[in-house]
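Just below is one structure, and these are the notes that go with it.
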Amino acid sequence: MTRKKGCSGLLTLSRHWITIIILSVFIALPASFVAVGYQMGVSHMRTNPDDLRLAMQAEMDSQRLALSEATRTAKDNMDALALRLGKLQAHVIRLDALGQRLTTMAKLDKGEFDFDRPPARGGPLTDPEAAKSIGVPDFMKSLEDLSAQLDDRGQQLEILEDMLMNRNLQSEVIPAGRPITKGWLSSYFGMRTDPFTGRWTLHSGVDFAGKMGSDVISVAAGVVTFAGWRSGYGNLVEVNHGKGYVTRYGHNSKILVKVGETVKKGQVISKMGTTGRSTGPHVHFEVLYNGHAVDPLKYIHASR
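Counting from 1, position 17 in the sequence shown corresponds to residue 16 in numbering that gives the first Met the number 0; the numbering is continuous, with no gaps.
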């Protein structure tokens, strides 16, 4: 650098210094920017692992929450499904018991209706490739349909049971069968010649002759309304069966029941005798319907 005359305070730079200054501007300045950027990058890398860890922790917590919710929902669904299956199992047990009872009541062939074994089913598989596992929606729908069918069948079987019970009850209370276990029919219902007067008179019942002291049985379930001596009948037993039916058993040698006693169909109520207006050991058997004597033969034959 030189100082010339007349140019006081003016610096004159040589080409060498100019080149150094230019290089400094274009090399040193970018290098400083790179250094500053590097330092900032290093500083960011120092804080980034914590941010990354926090982000990962938040994501894991979110996934755990979603998994817990899915598990809870699945558990609730399984509990509901188990409850429904338990209800269906109870229905099936009840229907099996009812079916076995109905089979006995209806006197059906147990080999044909065996509720201890699953029903026979089968058939060829037409397209094995098309067979697939049942989906959850289809399974739930099938479960709902099965539940509805079980409820419906249960109601139908209960109605059938009531009908059979009423039929059996009716068969127990309506007179049917012979009033003796041994003996023979000796006189019919209707007009006949009286064995004592010889006159044409109405015989209000039928007579069954037999051995003295043989069993006399009730032809239906009912309540004893009379048990004692009555003119013409001798020792008489009268049973009220309800529904307008009453039966009478006369000429007994011994009465085995008392008034107010409930008797069953086929129960021995007295012993055959010849008390009252009688020519020998027999039972005079009457059937009354709504207070009127009717021919007992149709009730006797009803049990055949």
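Cβ atoms here follow ideal geometry from the backbone N, Cα and C, with glycine treated the same way.
- Query: Would you call the region 203-222 and the region 259-273 touching, i.e. three or more CB-CB distances under 8 Å?
  - Reply: yes
- Rounded to whole angstroms, what's the CA-CA distance from residue 226 to residue 250? Just pull it up for me. On the sequence shown, residue 226 is found 227 positions in, with the first residue counted as 1. On the sequence shown, residue 250 is found 251 positions in, with the first residue counted as 1. Each residue's alpha carbon lies about 12 Å from the other.
- Query: Is residue 198 buried or exposed, if buried means 16 or more other CB atoms sit within 10 Å of its CB?
  - Reply: Locating residue 198 in the sequence shown gives position 199, where the first residue counts as 1. Here residue 198 is exposed. Its C-beta has fewer than 16 other C-beta atoms within 10 Å.
- Taking residue 218 as the reference, which of 191, 148, 233 and 175 has the closest Cα? In the sequence shown, the residue the question calls residue 218 occupies position 219. Minimum Cα distance to residue 218 is reached at 175.
- Query: If you run the structure through DSSP and keep just helix, strand and coil, what is residue 6?
  - Reply: Counted from its first residue, the sequence shown places residue 6 at position 7. Only weak support exists for where residue 6 lies, its pLDDT of 44 falling under 50; the value from the coordinates is given anyway. Reduced to three states, the DSSP call for residue 6 is coil.
- Item | Terminal residues of the alpha helix (DSSP H) in which residue 298 lies | The count along the sequence shown starts at 1 and reaches residue 298 at position 299. Taken as a continuous stretch (DSSP letters only), the alpha helix (DSSP H) holding residue 298 covers 296-300.
- Identify the continuous beta strand (DSSP E) that holds residue 180 and give its terminal residues. The residue you call residue 180 lines up with position 181 of the sequence shown. Counting along the chain, residue 180 falls outside any beta strand (DSSP E), and DSSP gives it neither H nor E.
- Task: Determine the burial state of residue 272: buried for a count of at least 16 other Cβ atoms within 10 Å of its Cβ, exposed for fewer.
- Result: As a working mapping, residue 272 is identified with position 273 in the sequence shown. Residue 272 is buried by the Cβ-count criterion.
- Looking only at its own chain, which residues have a Cβ that is under 6 Å from the Cβ of residue 294, when we skip the five neighbours before and after it? Locating residue 294 in the sequence shown gives position 295, counting from the first residue. Result list for residue 294: 188, in chain order.
- For residue 237, count neighbouring C-beta atoms within 10 Å of its own C-beta (all shown protein chains included) and say buried if the count is 16 or more, exposed if not. Translated into positions along the sequence shown, residue 237 becomes position 238. It counts as buried.
- Any idea what DSSP makes of residue 211, helix, strand or coil? Counting from 1 along the sequence shown, the entry for residue 211 is found at position 212. Three-state result, residue 211: coil.
- Message: Threshold first: 4 residues or longer. Then list the alpha helix (DSSP H) segments lying entirely within the region 228-301, N to C.
- Response: Taking 4 residues as the minimum length, the alpha helix (DSSP H) runs contained wholly in the region 228-301 are 296-300, in order along the chain.
- Query: Short check: CB of residue 278 to CB of residue 194, under 8 Å?
  - Reply: As a working note, residue 278 is residue 279 in the sequence shown. As a working note, residue 194 is residue 195 in the sequence shown. Taking 8 Å as the Cβ cut-off, residue 278 and residue 194 qualify as a contacting pair.
- Query: Among 213, 207, 145 and 186, which one has its Cα closest to the Cα of residue 201?
  - Reply: Start at 1 with the first residue of the sequence shown, and residue 201 comes out as number 202. Comparing Cα positions, the closest option is 186.
- Item | CA-to-CA distance, residue 72 to residue 147, given in whole angstroms | Along the sequence shown, one-based indexing puts residue 147 at 148. Along the sequence shown, one-based indexing puts residue 72 at 73. In a straight line, the C-alpha of residue 147 is about 25 Å away from that of residue 72.
- Item | Three-way DSSP call (helix, strand, coil) for residue 221 in this model | Position 222 of the sequence shown, counted from the first residue, corresponds to residue 221. It is a strand residue.
- Query: Does DSSP classify residue 92 as helix, strand or coil?
  - Reply: What you label residue 92 is simply residue 93 of the sequence shown in a count that begins at 1. Note: residue 92 maps to helix in three-state DSSP.
- Three-way DSSP call (helix, strand, coil) for residue 83 in this model: What you label residue 83 is simply residue 84 of the sequence shown in a count that begins at 1. Residue 83: helix per DSSP, three-state reduction.
- Query: How many Å lie between residue 53 and residue 60 at the Cα?
  - Reply: Looking up residue 53 in the sequence shown gives position 54. Looking up residue 60 in the sequence shown gives position 61. Cα to Cα, the separation comes out at about 10 Å.
- Query: Roughly how many angstroms lie between the CA atoms of residue 183 and residue 95, to the nearest whole one?
  - Reply: Numbered from its first residue, the sequence shown carries residue 183 at position 184. Numbered from its first residue, the sequence shown carries residue 95 at position 96. So the two alpha carbons sit approximately 46 Å from each other.
- Query: Under a Cβ-count criterion, where at least 16 other Cβ atoms within 10 Å of its own Cβ denotes burial, should residue 287 be classed as buried or exposed?
  - Reply: The residue labelled residue 287 in the question sits at position 288 within the sequence shown. By the 10 Å Cβ count, residue 287 comes out buried.
- Item | Beta-carbon spacing of residue 208, residue 281 below 8 Å | What you label residue 208 is simply residue 209 of the sequence shown in a count that begins at 1. What you label residue 281 is simply residue 282 of the sequence shown in a count that begins at 1. Yes.
- Nearest residue (CA-CA) to residue 299, options 66, 67 and 205: Sequence index remark: in the sequence shown, residue 299 carries index 300 (1-based). When only C-alpha atoms are compared, the closest one is 205.
- Message: What residue range does the beta strand (DSSP E) around residue 304 cover?
- Response: Any question about residue 304 goes unanswered here, given that the chain covers just 0 to 303.
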